[in-house]
Amino acid sequence: MLQSMTGFGSDVAVTHGFNLSWQLKSVNHRFLDLAFRLPEGYGELEILATKQLKTIFNRGRIECTLSLRDQPEGQRELQLDSQLLNSLLYLEGEINSQAVKDRVPLSVANIISWPGMLQKQSRPQIDDLDGGKSFSHAVLESLDRAAASLTQMRLGEGRGLEEVIRGLLAQLTTLVDKVVANLPRVRKSLEERLNKRLLELVDSDIDEGRLAQEQLYFINRLDVSEELDRLKIHLNEIVAVLDHDEPVGRRLDFLCQELNREANTLCSKAQDGEITQIGIDMKVIVEKFREQVQNLE
Numbered sequence: 379m380l381q382s383m384t385g386f387g388s389d390v391a392v393t394h395g396f397n398l399s400w401q402l403k404s405v406n407h408r409f410l411d412l413a414f415r416l417p418e419g420y421g422e423l424e425i426l427a428t429k430q431l432k433t434i435f436n437r438g439r440i441e442c443t444l445s446l447r448d449q450p451e452g453q454r455e456l457q458l459d460s461q462l463l464n465s466l467l468y469l470e471g472e473i474n475s476q477a478v479k480d481r482v483p484l485s486v487a488n489i490i491s492w493p494g495m496l497q498k499q500s501r502p503q504i505d506d507l508d509g510g511k512s513f514s515h516a517v518l519e520s521l522d523r524a525a526a527s528l529t530q531m532r533l534g535e536g537r538g539l540e541e542v543i544r545g546l547l548a549q550l551t552t553l554v555d556k557v558v559a560n561l562p563r564v565r566k567s568l569e570e571r572l573n574k575r576l577l578e579l580v581d582s583d584i585d586e587g588r589l590a591q592e593q594l595y596f597i598n599r600l601d602v603s604e605e606l607d608r609l610k611i612h613l614n615e616i617v618a619v620l621d622h623d624e625p626v627g628r629r630l631d632f633l634c635q636e637l638n639r640e641a642n643t644l645c646s647k648a649q650d651g652e653i654t655q656i657g658i659d660m661k662v663i664v665e666k667f668r669e670q671v672q673n674l675e
C-alpha cells in the first residue's frame, strides 16, 4: 500500500510521575532524515529512538519532539528517602537494645511525618531496557504509538495519492492509444511527402531500387513505434509497482523520467502536428504524475 511522506502523529503518556508527549511531523525528503528535539539531559535517548524509527520509516524528514512535564501537585508521586529511613530504623534498634523506659515504637505516621522523609519524585534518568518497566522503555513505547499514528496518516495520504496517480495513468494510456490509432495515417502521409520531395530533387531516370531504400530509411527514422512500445512497457510497470507492499517512491520517480524521455522523443520524431500535440499533452500529464510521485515514500 502506498504511503505518503507527509503527516503528523502524536502520543501522550504518564510514567514515573511525569507527563510525556511525542509529536512527529513528517515532510518530503529524498532519504530518511530524523531531527530530534529532546529535553535537556536526554540526548542519549536519541540513539534509541533513531534505531526504533528506522525500523518503521524509509523516507521523509521527520521532526521528533519530546516534551516532559511534572504532573500537577496532587498527582505527583512521593517517594521515601530510603537512606533516611534506614538511619531512623537503625536508631530505633539502638534504642531498643538499651531498654529505654517509656519508649513509644515508631509508627508509619511517625515515619512519614519525619522531616525530609517524603520527597517529590525526581526527574527520571535514561536507563537500560531490562525488565520492560524502565523510564526509557515507557518513553520508547510512547514513541512507537506516535509512529503508528503518523503511519496511519501517511497511509491515508497515500490512498489519496494512489487514486490521483491511477487517474493520470489512465489519461496517459488513452493518449498512447490515440497515437497508435493515428500511425497508419501518419505513415501514409510521410510516404507521400517523401515521394513528392524526391521526385522534385532527382532526374526522372532515378534508380527505383535506390529510391525505395531511401524511402524506407527516412520512414524508419521517423517511425515512433518503438517509443510507443516503451511507453506501454513503462505504464504496465507502473501499474505493477503500485501493487507492491514495500516503498515505491524512488522506483516510480525513475519511471517518470523514462516516460518523459519517450514523450520528448515522440514529439521530435513524429513530423505530424496531431501526434506532436499528443506528445505535449503526455509531457504535461507526466509532470503532474512526477509531482504526485515525489510525495510517496
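Heads up: the sequence shown is residues 379 to 675, going by my numbering. Every residue gets a Cβ at the ideal spot worked out from N, C-alpha and C, and that includes glycine.
Any chain B beta carbon closer than 8 angstroms to THR654:
No chain B is part of this structure, which consists of one protein chain only.
Cα separation between ASN614 and ALA516?
47 angstroms
Determine the DSSP secondary structure at ARG447, reduced to helix, strand or coil.
strand
Exposed or buried, what is GLU451 when buried is set at 16 or more other beta-carbons lying within 10 Å of its beta-carbon?
Confidence is the limiting factor: at GLU451 the pLDDT is only 49, short of 50, which leaves the residue's position unreliable, though a coordinate-based value still follows. Its Cβ having fewer than 16 others within 10 Å, GLU451 is exposed.
Mind checking which residues open and close the beta strand (DSSP E) that includes SER404?
396-405
Are the stretch 458-470 and the stretch 549-561 in contact at 8 angstroms, needing three or more beta carbon pairs?
no
Just verifying my parser: in three-state terms, what is the DSSP assignment at PHE513?
helix
VAL619 versus VAL671, VAL390 and THR393, residue with shortest Cα-Cα distance
VAL671
Would the stretch 466-476 and the stretch 413-431 be scored as touching if the rule is three or more Cβ pairs under 8 angstroms?
no
Compare the C-alpha of THR433 against each of ILE658, THR393 and GLU624 and name the closest.
GLU624
Between LYS661 and ALA641, is the Cβ-Cβ spacing less than 8 angstroms?
yes
7 angstroms CB neighbourhood of GLY385 in its chain, flanking five on each side removed:
SER404, LEU528, MET531, ARG532 and GLU535
Near LYS666, what residues of its chain come up, given a Cβ to Cβ distance below 8 angstroms and the 5 sequence neighbours on each side ignored?
LEU546
With PHE676 as the anchor, note down where its beta strand (DSSP E) starts and where it stops.
Outside the displayed span of the chain (379 to 675) sits residue 676, for which this structure offers no information.
Hey, how far is the Cα of LEU402 from the Cα of VAL486?
46 angstroms
Can you find the residues in the same chain that come closer than 6 angstroms, C-beta to C-beta, to ASP389, ignoring five residues on each side of it along the sequence?
TRP400, SER520, ARG523 and ALA524
Going straight from the alpha carbon of LEU518 to that of LEU444, what length do you get?
11 angstroms
Could you give the DSSP three-state label for PHE632: helix, strand or coil?
helix
Please report the distance separating the alpha-carbon of SER475 from that of TRP492.
22 angstroms
Per DSSP, which one or two residues make a beta bridge with ILE440?
SER404 and LEU412
Below 8 angstroms on the Cβ atoms is my contact criterion, and I expect ILE425 with LEU431 to pass it. Report the Cβ-Cβ distance as a whole number of Å.
That belief does not hold up - the Cβ atoms of ILE425 and LEU431 are roughly 11 angstroms apart, past 8 angstroms.
What is the rounded straight-line gap between the Cα of GLY509 and the Cα of HIS394?
Unreliable positioning characterises GLY509 in this predicted model, as indicated by a pLDDT of 46, which lies under 50. A coordinate reading is not provided.
Judging by CA-CA distance, which residue of ASP650, GLY494, ILE658 and GLY651 is the nearest neighbour of LEU637?
ILE658
Where does LEU674 sit, in a helix, a strand or coil, going by DSSP?
strand
Short Cβ contact (8 angstroms threshold) for VAL602 with LEU644
yes
Determine, using beta carbons only, whether GLU675 and GLY627 come nearer to each other than 8 angstroms.
yes
Taking C-beta to C-beta, are PHE409 and ARG447 nearer than 8 angstroms?
no
Select from PRO562, CYS634 and PHE396 the residue whose C-alpha is nearest the C-alpha of HIS612.
CYS634
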